[in-house]
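Everything below concerns the one structure shown next.
Protein chains in written order, with our numbering: chain A, 1311 to 1522; chain B, 273 to 508.
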């Protein structure tokens, strides 16, 4: 049985380490915050200008001046700090963030990532994703293994415009976990319960080896 | 002392607005936007604007109202996914759009305000963003050259300001505002609270008054929340 969104977030949380500064993307990556192990000290960075993101506010206590990069209202912690967008991306681009967990439309076997536009269809923009994959030390991608149409998203070469070239370290999909190693060769290292290597092969365009 | 304090947003913009000008507008989503100045620009009806802003508001608030009024010719932004009208105008060719990665946009503005005409960054190397731009290797890594960015006018929103133009922002409403304040040939700030000169903590001023040409206390603040997300109070 394929992993659920919550399972994916929980699996991605296994990549966290004590003392890490972490940037979480929008969607499933945001859920990773719910799976930070007790006692582990992880500081969440929000690229709109905050370190030390707290939980969502209680009903009636939302502050319009305090949002995350997904524009959701959040709260601060005693340890939080605020800064401007240039300082925020200096942290990101300068390699001071340990880990970024992002969503994706396509990941290629050479480590390329596409997650910001579909030409002629979807015009949203890259936001901070290009800066994150260029500057953060370790990039973990969480995505559905296939499109709704069934088309593979772990591909030989991205057909969509890239967010970054050779930037993906680890890919977690609803079917399995893949070390992508920024193009050093894709390795399947774990599978969702009941999923077989044959099933993953059938649903994947990229070449990969298996080391379970 | 030069009197920077204006009576209202329209007064603050008097003599500054021109068709075809470039305006930088602070804010991230609807957080920290100069809502009174945007409304006054809407009212003034100035057209063919190039607007530099991380986002473009929502359909009926923030910069979205300038879009709806047909006043914007081109946007320079990093993310516009919250605005359906934007997507429609862009896909039909009525609106020009230049996407910049968010950090590149922030740094272009910072550089522009600091007198730095260009810089090299890793962001966007090997993507559409780097097409047609100079790339260069430093210490074995490839970087793309990006240009500093300035504007005819910057509109910024602060929490507190004094008549000198010193500004303090609040929480994540700071975002692009401080860099934009430095990069406008004219910078107009709107503040929620206009305070006595001397009452702001001098060690905690985010934007020194030198960058601010005009200042106005915003008449009304809706401070609309884009995605109110809460959790229920725990019951003991």
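For glycine and all other residues, C-beta sits at the position ideal for the given N, C-alpha and C.
Check: Comparing the C-beta of residue 308/B with each C-beta of chain A, is any distance below 8 Å?
Finding: Not one chain A Cβ lies under 8 Å of residue 308/B.
Note to self: At the 8 Å Cβ level, is residue 1338/A part of the contact set with chain B, yes or no?
What the structure shows: no
Item checked: Within chain A, the residues that residue 371/B reaches when beta carbons sit closer than 7 Å -> 1435, 1436
Next item on the list: Answer yes or no: does any C-beta atom of chain A fall closer than 8 Å to that of residue 423/B?
Entry: Taking Cβ atoms only, chain A never reaches closer than 8 Å to residue 423/B, which makes this a no.
Checklist line | Reduced DSSP secondary structure (H/G/I, E/B, other) of residue 1388/A | finding: strand
Next item on the list: Report yes if the CB atom of residue 1335/A is closer than 8 Å to the CB atom of residue 1413/A, and no otherwise.
Entry: Here residue 1335/A is near residue 1413/A, since their CB atoms are less than 8 Å apart.
Check: What does residue 1358/A reach in chain B if we use C-beta pairs closer than 7 Å?
Finding: 300, 444, 447, listed in chain order.
Check: In chain B, which residues lie less than 7 Å from residue 1368/A when you measure between Cβ atoms?
Finding: 502, 503, 505
Next item on the list: Take residue 468/B as the anchor and find which of 459/B, 433/B, 460/B, 423/B has the nearest alpha-carbon.
Entry: 433/B
Notebook entry, point to check: Around the Cβ of residue 1445/A, are there at least 16 other Cβ atoms within 10 angstroms (buried) or fewer (exposed)?
Noted result: buried
Notebook entry, point to check: Smallest Cα separation from residue 357/B: which of 331/B, 503/B, 390/B, 471/B?
Noted result: 331/B
Next item on the list: Return yes when the Cβ of residue 466/B is within less than 8 Å of the Cβ of residue 489/B, no when it is not.
Entry: yes
Item checked: Which of helix, strand or coil DSSP assigns to residue 1395/A -> helix
Checklist line | Close Cβ partners of residue 1311/A (< 8 Å) along its chain, the five nearest in sequence each way excluded | finding: 1502, 1503, 1504, 1505
Margin query: Residues of chain B with CB closer than 8 Å to the CB of residue 1375/A, please, in chain order.
Written below: 303, 304, 431, 442, 443, 444, 445, 495, listed in chain order.
Note to self: Can you tell me where the beta strand (DSSP E) holding residue 1331/A begins and where it ends?
What the structure shows: 1331-1334
Note to self: Check whether chain A comes within 8 Å of residue 459/B, counting only Cβ atoms and requiring the distance to be less than that.
What the structure shows: no
Notebook entry, point to check: So is residue 1382/A in contact with chain B if we call contact Cβ pairs under 8 Å?
Noted result: yes
Item checked: Whole-number beta carbon distance between residue 503/B and residue 1488/A, since they are thought to touch under 8 Å -> Actually they do not touch by this definition, with Cβ atoms about 34 Å apart.
Item checked: Residue interval of the alpha helix (DSSP H) (run including residue 1440/A) -> 1439-1445 is the extent of the alpha helix (DSSP H) around residue 1440/A.
Checklist line | Within chain B, partners of residue 1420/A - CB distance below 7 Å | finding: Going along chain B, no residue has its Cβ under 7 Å from residue 1420/A, so there is no contact; the nearest lies around 11 Å.
Margin query: Could you pull the DSSP bridge partners for residue 1485/A from this structure?
Written below: Answer by DSSP bridge pairing: none, since residue 1485/A is not bridged.
Margin query: On a Cα-Cα basis, can you pick out the residue from 1320/A, 1316/A, 1318/A, 1351/A that is closest to residue 1332/A?
Written below: Closest option to residue 1332/A, judged by alpha-carbon separation, among 1320/A, 1316/A, 1318/A, 1351/A: 1351/A.
Check: If the cut is a Cβ gap below 8 Å, which residues of chain B does residue 1413/A touch?
Finding: Neighbours of residue 1413/A on chain B: none; closest Cβ ~13 Å, over 8 Å.
Check: What whole-angstrom Cβ distance do residue 1436/A and residue 325/B have, given they're in contact under 8 Å?
Finding: With 8 Å as the limit, residue 1436/A and residue 325/B do not qualify as a contact, their Cβ atoms being about 15 Å apart.
Margin query: If I measure Cβ to Cβ from residue 343/B and keep anything under 6 Å in the same chain, skipping five residues before and after, which residues do I get?
Written below: 319, 321
Margin query: Please tell me whether residue 1319/A has its Cβ less than 8 Å away from any Cβ of chain B.
Written below: no
Notebook entry, point to check: Can the beta-carbon of residue 1490/A be found less than 8 Å from the beta-carbon of residue 1481/A?
Noted result: yes
Margin query: For the stretch 381-401 of chain B, list every residue whose C-beta sits within 8 Å of some C-beta in chain A, in sequence order.
Written below: For the stretch 381-401 of chain B, the set of positions with a beta-carbon nearer than 8 Å to some beta-carbon of chain A reads 381, 382, 393, 394, 395, 396, 397, 398, 399, 400, 401 in chain order.
Notebook entry, point to check: Which residue's Cα is closest to the Cα of residue 387/B: 408/B, 421/B, 407/B?
Noted result: Nearest C-alpha to residue 387/B: 421/B.
Check: Given that a residue counts as buried once 16 or more other Cβ atoms are within 10 Å of its Cβ, and exposed if not, what is residue 459/B?
Finding: buried
Check: Per DSSP, what kind of secondary structure is residue 1355/A in: helix, strand or coil?
Finding: strand
Next item on the list: For the stretch 352-367 of chain B, enumerate the residues whose C-beta is nearer than 8 Å to any C-beta of chain A, in chain order.
Entry: 352, 353, 354, 358, 359, 362, 363
Next item on the list: Could you name the residues of chain A that residue 350/B contacts, counting a contact when the two beta carbons are closer than 8 Å?
Entry: 1435, 1436, 1437, 1438
Checklist line | Straight-line gap, residue 294/B to residue 345/B (C-alpha atoms, nearest Å) | finding: Straight-line Cα distance between these residues: approximately 10 Å.
Next item on the list: Provide the residue(s) that pair with residue 1416/A in DSSP beta bridges, ordered along the chain.
Entry: 1424/A
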